[in-house]
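Novice: The structure is given below, and queries will be raised subsequently.
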Amino acid sequence: MRRLILNADDLGLAAETNEGIERAHREGMLTAASLMTGESGFEEGVRVARANPGLAVGLHLTLTDGVPTLPAARIPSLTQGNGRFRDDMAGMGLTLAVSREARAELAAEVAAQMARFTATGLACDHVNAHKHYHLHPSIAAALMQAAAGAGVRCLRLPWEPGWLVRAVEAGAPGTGEWAIRPWCRILRRRAARKGLVAPDRVVGLAWSGHFTADRLLGVLPLLPEGVTELYFHPAAAGGFAGGAPGYDYAGELAALTDPRLAEALAGTARGGYAAMLLPNGA
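Written out as structure tokens, the structure is:
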């Protein structure tokens with residue numbers, strides 16, 4: 001049986017993403033969203049989540065290209081002079097690997113983000129990380145510990161089968177799947193030991209920021225049995241503070257609200273992570 005999670009990242013980033021995600025759910029086929037706790041649109045993102053109980057909302061852990069939940073002075077290993085997270089992901093990854101102090105700061109920030117999420121009273125459906133940073137072993141450990149403490153049992157495993165993308169677009173750029181896959185296998189094993197489960201695959205890496213309606217409609221008939229997460233970045237418009245340069249945010253909103261999508265998904269189970277991955281959606 002095929003089961004689908006249609007998820008939007010960056011709820012809480014800005015007014016434009018909040019509006020786009022709400023519209024993609026109400027007017028389209030979006031079933032889940034991932035909430036950032038440190039950005040300017042957080043409170044409005046919480047309002048969107050509360051106003052749309054059918055939208056399964058989880059934590060979008062942010063440790064790069066964003067604003068920390070803790071004061072920057074408390075996590076100096078993770079931040080730069082402007083008070084934002086470091087943007088050198090490889091460099092920060094190395095810092096986390098060699099510095100016990102940095103890992104302690106990491107654990108505190110991850111716990112703070114989860115605490116801010118749970119303080120809203122929203123049920124946390126899942127966890128994942130901005131730019132899939134939870135593939136880093138230290139970040140994975142901190143995130144899984146926070147998830148377990150909050151009773152969260154689902155997370156993203158960012159492995160995208162390249163053949164799916166190439167079947168839709170023969171010349172599509174690769175996503176480094178063979179480099180990512182070993183790390184995803186390690187993460188899946190570690191998650192299982194913690195009682196966490198993940199979808200079998202994702203679609204959205206190669207087309208990040210450009211997941212058009214034609215691409216979506218092209219890949220849907222090809223999806224194998226099991227649980228697939230298709231993830232998007234819808235927004236009412238681009239050009240907002242914190243937005244990714246070059247992303248076609250409005251185009252991804254158009255994909256999720258395309259009138260052809262309802263017919264393409266007829267008879268296919270859709271929902272949030274817990275509904276698709278756990279027995280009886282528990």
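The sequence shown runs 1 to 282 under the working numbering.
Backbone N, C-alpha and C define an ideal beta-carbon position, used for all residues, glycine too.
Only a predicted model underlies this, so the values are computations on that prediction, with no experimental measurement involved.
(1) Taking a contact to mean a Cβ-Cβ separation below 8 Å, would you say Thr79 touches Gln113 in this structure?
(2) According to the neighbour-count rule (16 or more other Cβ atoms, all chains shown, within 10 Å of its Cβ), is Met144 buried or exposed?
(3) Are the beta-carbon atoms belonging to Cys184 and Pro158 less than 8 Å from one another?
(4) Straight-line CA distance for Ala262 to Gly226?
(5) Between the region 267-282 and the region 201-209, do three or more beta carbon pairs fall short of 8 Å?
(6) Do His132 and Ala140 have their C-beta atoms closer together than 8 Å?
(7) Hey, could you find the ends of the beta strand (DSSP E) Val203 is sitting in?
(8) With 16 as the cutoff for other CB atoms within 10 Å, does Pro199 come out buried or exposed?
(9) Take Glu229 and list the residues in its own chain whose beta-carbon comes closer than 6 Å to its own, dropping the five residues that flank it on each side.
(10) Does Leu220 come out as helix, strand or coil in the three-state DSSP assignment?
(11) Whole angstroms is fine: what's the gap from Ala148's alpha carbon to Lys194's?
(12) Answer with buried or exposed for Met1, where buried requires no fewer than 16 other C-beta atoms within 10 angstroms of its C-beta.
(13) For Asp9, which of Arg26, Ala107, Ala129 and Phe240 has the nearest alpha-carbon?
(14) Go through the region 66-147 residue by residue and report every complete run of the beta strand (DSSP E) that reaches 3 residues or more, in order.
(15) Expressed to the nearest angstrom, what Euclidean distance is found between the alpha-carbon atoms of Asp88 and Leu94?
(16) Looking at the secondary structure, which residues open and close the beta strand (DSSP E) in which Val168 lies?
(17) Flag this pair as touching only if the region 95-110 and the region 48-57 have three or more C-beta atom pairs under 8 Å; answer yes or no.
(18) Pull up the distance between the alpha-carbon of Ala122 and that of Ala150, whole angstroms please.
(19) So what does Arg23 bridge to, in DSSP terms?
(20) Distance check for Glu177 and Glu27, CA to CA, integer angstroms please.
(21) Strictly by DSSP, which residues pair up with Gly58?
(22) Evaluate contact between the region 253-268 and the region 36-45, counting only Cβ atoms and requiring at least three cross-stretch pairs below 8 Å.
Specialist: So, from the listed chains and residues:
(1) Translated into the one-based positions of the sequence shown, residue 79 becomes position 79. Translated into the one-based positions of the sequence shown, residue 113 becomes position 113. Here Thr79 is not near Gln113, since their CB atoms are 8 Å or more apart.
(2) On the sequence shown, residue 144 is found 144 positions in, with the first residue counted as 1. Around the beta carbon of Met144, 16 or more other beta carbons sit within 10 angstroms, so the residue counts as buried.
(3) As a working mapping, residue 184 is identified with position 184 in the sequence shown. As a working mapping, residue 158 is identified with position 158 in the sequence shown. Yes, the pair counts as a contact, with Cβ atoms nearer than the cut-off.
(4) Residue 262 sits at position 262 when you count from the first residue of the sequence shown. Residue 226 sits at position 226 when you count from the first residue of the sequence shown. Using only the alpha carbons, I get a separation of about 20 Å.
(5) Verdict: no, contact absent.
(6) The residue labelled residue 132 in the question sits at position 132 within the sequence shown. The residue labelled residue 140 in the question sits at position 140 within the sequence shown. Not in contact: His132 and Ala140 (Cβ atoms no closer than 8 Å).
(7) Indexing the sequence shown from 1 puts residue 203 at position 203. Looking at the DSSP string, the run of the beta strand (DSSP E) that includes Val203 is Arg201 to Val203.
(8) As a first step, residue 199 is located in the sequence shown; it is residue number 199 there, counting from the start. By the beta-carbon neighbour count (other beta carbons within 10 angstroms, threshold 16), Pro199 is buried.
(9) Your numbering for residue 229 matches position 229 in the sequence shown. Cβ neighbours of Glu229 within its own chain (closer than 6 Å, five residues either side excluded): Ile5, Asn7, Pro199 and Val202.
(10) Here the question's residue 220 lines up with position 220 in the sequence shown. The answer is helix: DSSP assigns Leu220 an H, G or I state.
(11) Start at 1 with the first residue of the sequence shown, and residue 148 comes out as number 148. Start at 1 with the first residue of the sequence shown, and residue 194 comes out as number 194. CA-CA distance, Ala148 to Lys194, rounds to 7 Å.
(12) Position 1 of the sequence shown, counting from 1, holds the residue named residue 1. So Met1 ends up on the exposed side.
(13) Here the question's residue 9 lines up with position 9 in the sequence shown. Among Arg26, Ala107, Ala129 and Phe240, the Cα nearest to that of Asp9 belongs to Ala129.
(14) The qualifying runs are 127-129.
(15) As a working note, residue 88 is residue 88 in the sequence shown. As a working note, residue 94 is residue 94 in the sequence shown. Each residue's alpha carbon lies about 10 Å from the other.
(16) For the purposes of this step, residue 168 is taken as residue 168 along the sequence shown, with counting starting at 1. The continuous stretches of beta strand (DSSP E) do not include Val168, which lies in the alpha helix (DSSP H) extending over residues Gly162 to Val168.
(17) Contact between the region 95-110 and the region 48-57 is not established, with fewer than three Cβ pairs separated by less than 8 Å.
(18) Counting from one through the sequence shown, the residue named residue 122 turns up at place 122. Counting from one through the sequence shown, the residue named residue 150 turns up at place 150. Residue identity check: residue 122 is Leu in the sequence provided, not Ala. Distance between the alpha carbons of Leu122 and Ala150 is about 11 Å.
(19) Sequence index remark: in the sequence shown, residue 23 carries index 23 (1-based). The beta-bridge partner set that DSSP reports for Arg23 is empty.
(20) In the sequence shown, counting from the first residue as 1, residue 27 sits at position 27. In the sequence shown, counting from the first residue as 1, residue 177 sits at position 177. Separation of Glu27 and Glu177 (C-alpha to C-alpha, rounded to the nearest whole angstrom) is 33 Å.
(21) Position 58 of the sequence shown, counting from 1, holds the residue named residue 58. Per DSSP, Ser34.
(22) Judged by Cβ distances under 8 Å, the region 253-268 makes no contact with the region 36-45, as fewer than three pairs qualify.
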